[in-house]
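K.L.:
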Amino acid sequence: MSERFVYLNGSYMPISKASVSVLDRGFLFGDGVYEVIPVFGSKLLRVDGHLQRLATSLERISLDNPFSEAEWKQKFDQLLDCNPGDDRAIYLQITRGVYPIRDLKIQPGIEPTVFMMTLNVEPVDLDVLEKGIETVTIEDFRWSACDIKSTSLVANVMLRQQATQYGVVDAVLIKQGMVTEGTASNIFIVKNDTLITPPTSKHLLPGITRDLVLELANDNEISTEVREIAATELRDADEVWLTSSTREIAPVVRLNDKVVGSGKAGPLWHKMINIYQEYKQQLRQG
Ligand code: PDD
């Protein structure tokens, strides 16, 4: 297999040639933001939404956006041209760059470090996805800036590790008795044929897949509610889903050793996954 080409600070190069300074603030402080944008064929899923969220994340950490939307899109096309493939994702991250000394204070006039690579994404196997995932609830001890897609992910790593130690693939995070999200995904529950997800806030990432699922539900006359979900509601939910760019829509079939609904992917999940696959197919075909 030929070597992957990545983008680093203005150049495209083989991944083995790409390196950054140990003084980069991304390395020292996790001082940066990132995006993961799914690609189907050569079409980017919801690229404007991802670029809008990137702009918001940058603004929240007081870092100037290095490129206009048109420039970003041109760079994405170039990166995809260098890395032929079908279904993939673009990973991009921007850090505050390299300072001469290790100092938290932000200095003006320093170039950010901009890095992009493609990620191999296995095409979603609906038979596997349908089997669902097992999860546990874990106390969400993260900070009150979870709406920023920050590269500082050590808390998410710790929470995912706790889930692994329980022998399950992910955690449903609970803050002050309320459901927030997964360790790298948003959450939906289904109750009496209504799809429910918590509102965006400082406690969760405004997921692009979450937005798309809500939009597709509304277009297809599926009733939706955006409201806080108490942790106690999880026990009686008919269905629970986790959504993200890489996981798409994963049905949760077990939560804290108790089956969710019938213990299988539920009827609304089947309906929504078909709508979602159809949406992707239309995108692929332009
Ligand atoms: N994560 N919440 C968190 C904490 C996330 O890290 C993600 C995505 C989401 C879902 O967002 P979206 O639908 O835009 O992918 C919610 C990406 C995929 C990652 O970190 O790899």
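Using the working numbering, the letters of the sequence shown correspond one by one to residues 13 to 298.
Ideal Cβ placement from N, Cα and C applies to all residues, glycine included.
#1: So does residue 141 have its beta carbon nearer than 7 angstroms to some heavy atom of the ligand PDD?
#2: With hydrogens ignored, establish whether the beta-carbon of residue 241 is closer than 7 angstroms to any heavy atom of the ligand PDD.
#3: What's the gap between the Cα of residue 305 and the Cα of residue 233?
#4: Kindly examine the ligand PDD and report whether one of its heavy atoms sits closer than 7 angstroms to the Cβ of residue 265.
#5: Contact between the segment 88 to 99 and the segment 126 to 144: three or more CB pairs below 8 angstroms?
#6: Rounded to whole angstroms, what is the Cα-Cα separation between residue 23 and residue 90?
#7: Report the CB separation of residue 183 from residue 174 in whole angstroms; it is logged as a contact under 8 angstroms.
#8: Jot down the residue ranges of each uninterrupted beta strand (DSSP E) in the segment 186 to 225, minimum 3 residues, whole runs only, in chain order.
#9: Using the DSSP secondary-structure output, state which residues sit across from residue 36 in a beta bridge.
#10: Between the Cα of residue 157 and those of 168, 147 and 148, spot the shortest distance and give me the residue it belongs to.
#11: For residue 288, which residues does DSSP report across the bridge?
#12: Write down every uninterrupted run of the beta strand (DSSP E) in the segment 63 to 109 whose length is 3 residues or greater and which is fully enclosed by it, in chain order.
#13: Sorted by chain position, which residues of the same chain lie with C-beta nearer than 8 angstroms to residue 241's C-beta, five sequence neighbours on each side aside?
#14: Let me check you understand the geometry: is the CB of residue 286 closer than 7 angstroms to at least one non-hydrogen atom of the ligand PDD?
#15: So, helix, strand or coil for residue 298, using DSSP?
#16: Might you give, ordered along the chain, the residues of its own chain that have their beta carbon closer than 7 angstroms to the beta carbon of residue 55, omitting 5 neighbours on each side?
#17: What separation, rounded to the nearest whole angstrom, lies between the Cα atoms of residue 196 and residue 264?
#18: So for residue 230, helix, strand or coil by DSSP?
#19: Excluding sequence positions up to five away, which residues of its chain have a Cβ less than 6 angstroms from the Cβ of residue 53?
#20: Can you name the start and end residues of the beta strand (DSSP E) that residue 21 belongs to?
#21: What I want to know is whether the C-beta of residue 193 ends up closer than 7 angstroms to one or more non-hydrogen atoms of the ligand PDD.
#22: I need the straight-line Cα distance from residue 142 to residue 273, nearest angstrom please.
#23: Would the C-beta of residue 257 count as close to the ligand FMN, meaning under 7 angstroms from any of its heavy atoms?
#24: Terminal residues of the continuous beta strand (DSSP E) containing residue 267?
#25: Can you give me the C-alpha to C-alpha distance between residue 154 and residue 222, rounded to a whole angstrom?
#26: Quick test of your reading: residue 163 and residue 32, contact by CB under 8 angstroms. State the CB separation rounded to the nearest angstrom.
P.N.:
Taking the structure as given:
#1: The sequence position of residue 141 within the sequence shown is 129, counting from 1. Answer for residue 141: no, Cβ out of range of the ligand PDD.
#2: Along the sequence shown, read from residue 1 onward, the residue named residue 241 stands at position 229. With a cutoff of 7 angstroms, residue 241 does not count as near the ligand PDD, since its C-beta is closer than that to no heavy atom of the ligand.
#3: Here the chain covers residues 13 to 298 and nothing more, so residue 305 does not appear.
#4: By 1-based counting over the sequence shown, the position of residue 265 is 253. With a cutoff of 7 angstroms, residue 265 does not count as near the ligand PDD, since its C-beta is closer than that to no heavy atom of the ligand.
#5: Judged by pairs of C-beta atoms under 8 angstroms, the segment 88 to 99 touches the segment 126 to 144, as three or more such pairs exist.
#6: For the purposes of this step, residue 23 is identified with residue 11 of the sequence shown, where counting begins at 1. For the purposes of this step, residue 90 is identified with residue 78 of the sequence shown, where counting begins at 1. One C-alpha to the other measures close to 11 angstroms.
#7: Along the sequence shown, one-based indexing puts residue 183 at 171. Along the sequence shown, one-based indexing puts residue 174 at 162. That belief holds up - the Cβ atoms of residue 183 and residue 174 are roughly 6 angstroms apart, short of 8 angstroms.
#8: With a minimum length of 3 residues, the continuous beta strand (DSSP E) runs that stay inside the segment 186 to 225 are 190 to 194, 198 to 203 and 206 to 209.
#9: To locate residue 36, count along the sequence shown from 1; it is residue 24. Residue 36 pairs with 110.
#10: Residue mapping note: residue 157 aligns to position 145 of the sequence shown, counting from 1. Nearest option by C-alpha distance: 168.
#11: For this step, residue 288 is matched to residue 276 along the sequence shown. Under DSSP, residue 288 forms no beta bridge with any residue.
#12: List check, beta strand (DSSP E) in window: 100 to 107.
#13: One-based indexing of the sequence shown puts residue 241 at position 229. Hits under 8 angstroms: 190, 191, 199, 201, 208, 209 and 210.
#14: The sequence position of residue 286 within the sequence shown is 274, counting from 1. Checking the Cβ of residue 286 against the ligand PDD gives no.
#15: Position 286 of the sequence shown, counted from the first residue, corresponds to residue 298. Coil at residue 298, not helix or strand.
#16: As a working mapping, residue 55 is identified with position 43 in the sequence shown. Hits under 7 angstroms: 295, 296 and 298.
#17: If you number the sequence shown from 1, residue 196 lands on position 184. If you number the sequence shown from 1, residue 264 lands on position 252. In this structure, the alpha-carbon of residue 196 lies about 14 angstroms from that of residue 264.
#18: Locating residue 230 in the sequence shown gives position 218, counting from the first residue. Helix, per DSSP.
#19: In the sequence shown, counting from the first residue as 1, residue 53 sits at position 41. Same-chain partners within the cutoff: 296.
#20: Taking the sequence shown and counting its residues from 1, one reaches residue 21 at position 9. In this chain, residue 21 is not harboured by any beta strand (DSSP E), its DSSP state being neither H nor E.
#21: Indexing the sequence shown from 1 puts residue 193 at position 181. Of the heavy atoms belonging to the ligand PDD, at least one sits nearer than 7 angstroms to the Cβ of residue 193.
#22: Start at 1 with the first residue of the sequence shown, and residue 142 comes out as number 130. Start at 1 with the first residue of the sequence shown, and residue 273 comes out as number 261. Their Cα atoms are separated by approximately 14 angstroms.
#23: As for the ligand FMN, it is missing from this structure, which binds only the ligand PDD.
#24: Here the question's residue 267 lines up with position 255 in the sequence shown. Boundaries of the beta strand (DSSP E) around residue 267: 260 to 267.
#25: Position 142 of the sequence shown, counted from the start, is the residue given in the question as residue 154. Position 210 of the sequence shown, counted from the start, is the residue given in the question as residue 222. Spanning the alpha carbons of residue 154 and residue 222 requires a straight line of approximately 20 angstroms.
#26: Position 151 of the sequence shown holds residue 163. Position 20 of the sequence shown holds residue 32. In fact, because the Cβ distance is near 12 angstroms, the residues do not count as touching under 8 angstroms.
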